[in-house]
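S.K.: Numbering (the numbering used here), first residue to last: 311 to 1220. Quick one: the structure is below, and I'll ask about it shortly.
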């Protein structure tokens, strides 16, 4: 997250004290975590969503209660399977029935008193569940608590949306789903360790706790104005915005909105003839249709079977706790990013990912007899499915519901939407056993068609002015794909080469370790001269020039006369690949508009992992000779595509070629774009660069250059010493410990596919979330997962039946590496230096990266032999946490900033 400097904190605090009623300032205040004008909004939202937690305990109750109730351990009467299916599903029916009257109730007695009023019947419902005289009374009790829970689904999101500043409305609205998940987890944890009687009593305390907390919160200003209680509305708004804030303008806007609402007020029946209201209802129905019919209930219903198929002997209650904990953990980041990424992106990513994962899960069960030894696969799919549901479809549907309607129809229209949600949930839960699942992979099309994305970012990314930048960036990163094929080649080639199937000479295991690791050494050696070459012959021709030795390197690999020639060929290929690590990110950063610079720069890592996956797939099915020939074609394809791209305007200006620079910039910005101002800025920057030009050795006395090198070394330290190479090296052993009998090549393809799949969303969000947040989340998550993986191997003898656990940890680790530490460091490397030192300074940073990679790859086996694998993993985990601290306290945020702004943040003087 954004951590303000001391100066920024002073500005933020002073903005509150000076009563500047600016949404931007309020947004800054909230992000900083300061107790300012948004503090009371957080307090009220959390108090309101304690009702959602009460609903979560109702939804979670049936899972731990099922076995004791069916076994006759709880009540004086018996409960059959059919009756218990009604005990479980009747909650959804109760919630569906309550939503519509709630839509009128919130407009009659208010949002606050509607929620407070419901606490009494909530406790009555729990009383029926705790002391039922017959199964019918138990079902009635479950219906009542469902009815009360459904009421919160209308009133709480509406309350939060009306009290929230627009900058944090998405965040606060997403608390609703988060507290539902917390309530479900609470039920699972309590229910696993205490009898059902005491478990039910504890759950009954939650609505009492809600009432005790929420009683002190004000009614929403909008409702009070609707009731013409102007003084109370002013007091309410002042409380929510902070006592020092000038609310005059905002209150006036609310009054005007209230007057407009009165003029446009329509009846419930007339609402169905209102085009906007109908469109809103259709949208809400669509997102709830996705939420309920995405198969989530089915996947959770099948969760214990999935754990059993993985060979797990854990208690079913523990399985439920694991799933619920994953839900909570994934909902939290969704809450944090919903106001940055927008509702549409989260729903779209969530829907596509869930569709893919549940279809694969369906194929697993279709071929279960043949895949009986791959028990880790369904568990991994289950965890990923729950993560993507909780990251989008779960919380964001409620955010959309709170925002989509006009005030005059918000109550009844929201109620209709929520009713559809609970009716669908009721039908899916009741009739799941008779339903086919996995047919909703096309649901993202609905999200794409219906929900308006915040801030209009999609059109920015697809208009004519950026098209040529995308073309040039993709052409440049074909060189990164060529590097990826080099890195991926050794995995499918290892066994055939060691068994003597490929060459006329033998290669020992020790010699092959050099064949694998010398690529990193070659890349390290190439980076420094590349830093000078890009300033001498240009970014474009440096990359084109390297295509020739790249093909020569592959020729040495394809037709070596001895093992030394094979190693030399790998060194040359690594040398050429390392050159792209300096030139390609630099080229992309210089041609890109600041709005999409992060996205285009992250293409580098994306194409590297695509190249690795390409090698894995081809190498799994063709001999090494043909694999090598196919890989040798990639640098030729790069040269054929990139030859037609222009040089960067910055380099051409540096060479005094103003006319060529003008043509280059016009091509990158589009023929209809006025580039006069930007070209003038580039000329001024070039003049400034000439005035500040320094030699290579003087660079080490320049404070800004040294700070940039330190930052680059820090992020590359995180990337390489996070243990990514160690985890990938150990991947096949992890698959084997899970009972997998797959070919090692197939294991490699799975890992490569996960890397590609996780790098794509990182590319899409790096310009919205920023570099710092992605790196911080990535580093912490990797540290946690690799430390847990270390504990697994430490206790492996006792955990032999939990083979699904290391595979899940491996997949999650790779996802978070690919989501942050993998692609984002190259984005930072392209942005952090002043133009006069960019070439050599970037080269020094890239050299450190490849040297670290070389050392980790070469000495990893020795570390395991000396320290054991689990100690090695713990050391890498410690490095991840050190990297996270470095990112938090040292790395500046470069998102959306010009090079001049970045340098000023590093301490440059005007």
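Idealized CB from N, CA, C, for every residue including glycine. Keep in mind it's a predicted model, so treat the numbers as computed, not measured.
Taking the alpha helix (DSSP H) that residue 652 belongs to, which residues open and close that run?
M.R.: Premise fails: residue 652 is in no alpha helix (DSSP H) and is neither H nor E.
S.K.: What are the boundary residues of the alpha helix (DSSP H) that residue 532 is part of?
M.R.: DSSP places residue 532 in the uninterrupted alpha helix (DSSP H) bounded by 531-536.
S.K.: Taking 9 Å as the threshold (C-beta atoms), are residue 868 and residue 939 in contact?
M.R.: By the CB criterion at 9 Å, residue 939 and residue 868 fall inside the cutoff.
S.K.: Does the contact criterion of 3 or more C-beta pairs under 8 Å hold for the region 375-384 versus the region 587-599?
M.R.: no
S.K.: Take residue 1123 as the anchor and find which of 1091, 1132, 479 and 1141 has the nearest alpha-carbon.
M.R.: 1091
S.K.: Whose CA, out of 887, 901 and 370, lies closest to the CA of residue 830?
M.R.: 887
S.K.: Under 7 Å Cβ to Cβ from residue 1155, same chain only, skipping five residues before and after it: list those, please.
M.R.: 1019, 1022, 1023, 1026 and 1139
S.K.: Three Cβ pairs or more, each shorter than 8 Å: is that satisfied between the region 519-538 and the region 469-481?
M.R.: yes
S.K.: With DSSP collapsed to three states, give me the class of residue 905.
M.R.: coil
S.K.: Could you pull out every unbroken beta strand (DSSP E) segment of at least 3 residues lying fully inside the region 858-896, listed in chain order?
M.R.: none
S.K.: Short check: CB of residue 916 to CB of residue 925, under 9 Å?
M.R.: no
S.K.: Quick check: the Cα distance between residue 1192 and residue 557, rounded to an integer number of angstroms?
M.R.: 44 Å
S.K.: Entirely within the region 1111-1175 and at least 4 residues each: give me those alpha helix (DSSP H) ranges in chain order.
M.R.: 1114-1126 and 1134-1141
S.K.: Spatial neighbours of residue 1088 within its chain, please: C-beta separation below 7 Å, excluding the five flanking residues on both sides.
M.R.: 1126, 1127, 1129, 1130 and 1131
S.K.: Quick one, which of 391, 786, 1060 and 492 has its alpha-carbon nearest residue 370's?
M.R.: Checking every option, the nearest Cα to that of residue 370 belongs to 492.
S.K.: With a threshold of 16 other CB atoms inside 10 Å of the CB of residue 983, please say whether the residue is buried or exposed.
M.R.: exposed
S.K.: In angstroms with no decimal places, state the Cα-to-Cα distance between residue 951 and residue 942.
M.R.: About 15 Å.
S.K.: Within a Cβ cutoff of 6 Å, which residues of the same chain sit near residue 816, ignoring the five residues on either side of it in sequence?
M.R.: 810
S.K.: When the distance is taken between beta carbons, is residue 923 closer than 9 Å to residue 1059?
M.R.: yes
S.K.: Under 9 Å, do residue 495 and residue 354 count as touching if we go by C-beta distance?
M.R.: Taking 9 Å as the Cβ cut-off, residue 495 and residue 354 do not qualify as a contacting pair.
S.K.: Would residue 554 be called buried (16 or more neighbouring beta carbons within 10 Å of its own) or exposed?
M.R.: exposed
S.K.: Compute the Euclidean distance between the alpha carbons of residue 672 and residue 666, then round it to the nearest angstrom.
M.R.: 10 Å
S.K.: Suppose the cutoff is 7 Å on Cβ atoms and the five residues either side in sequence are ignored; what does the same chain contact list for residue 511 look like?
M.R.: Within its own chain, the residues whose Cβ lies closer than 7 Å to the Cβ of residue 511, once the five positions on either side in sequence are excluded, are 440, listed in chain order.
S.K.: Going by beta-carbon coordinates alone, are residue 1056 and residue 934 separated by less than 9 Å?
M.R.: no
S.K.: If we define contact as Cβ-Cβ less than 9 Å, is residue 355 a contact residue for chain C?
M.R.: This model lacks chain C altogether; it includes just one protein chain.
S.K.: Exposed or buried, residue 1184, counting other C-beta atoms within 10 Å across all chains shown (16 or more means buried)?
M.R.: Buried, since its Cβ has 16 or more Cβ neighbours within 10 Å.
S.K.: Would the beta-carbon of residue 897 fall within 9 Å of that of residue 782?
M.R.: Taking 9 Å as the Cβ cut-off, residue 897 and residue 782 qualify as a contacting pair.
S.K.: Between residue 1167 and the rest of its own chain, which residues show a CB-CB distance below 7 Å, the 5 nearest in sequence each way excluded?
M.R.: Correct list, in chain order: 826, 827, 830 and 1035.
S.K.: Consult DSSP for residue 583 and reduce its assignment to one of helix, strand or coil.
M.R.: coil
S.K.: What residues in its chain sit with their C-beta under 7 Å from that of residue 1016, if we drop five residues either side in the sequence?
M.R.: 1010
S.K.: Can you give the Cα-Cα distance for residue 800 and residue 822, rounded to whole angstroms?
M.R.: 9 Å
S.K.: Which whole-angstrom value describes the C-beta separation of residue 456 and residue 410, a residue pair presumed to lie in contact below a C-beta threshold of 8 Å?
M.R.: Not quite, the Cβ-Cβ distance comes to about 14 Å (not below 8 Å), so this is no contact.
S.K.: According to DSSP, is residue 553 helix, strand or coil?
M.R.: coil
S.K.: Assuming residue 1031 and residue 1189 make a contact with CB atoms under 8 Å, what is their CB distance in whole Å?
M.R.: Yes, residue 1031 and residue 1189 are in contact; Cβ-Cβ is about 4 Å, under 8 Å.
S.K.: In the DSSP assignment, find the unbroken alpha helix (DSSP H) run with residue 1023 in it and report its ends.
M.R.: 1013-1031
S.K.: Can you grab the Cα-Cα spacing for the pair residue 703 / residue 485, in whole Å?
M.R.: 14 Å
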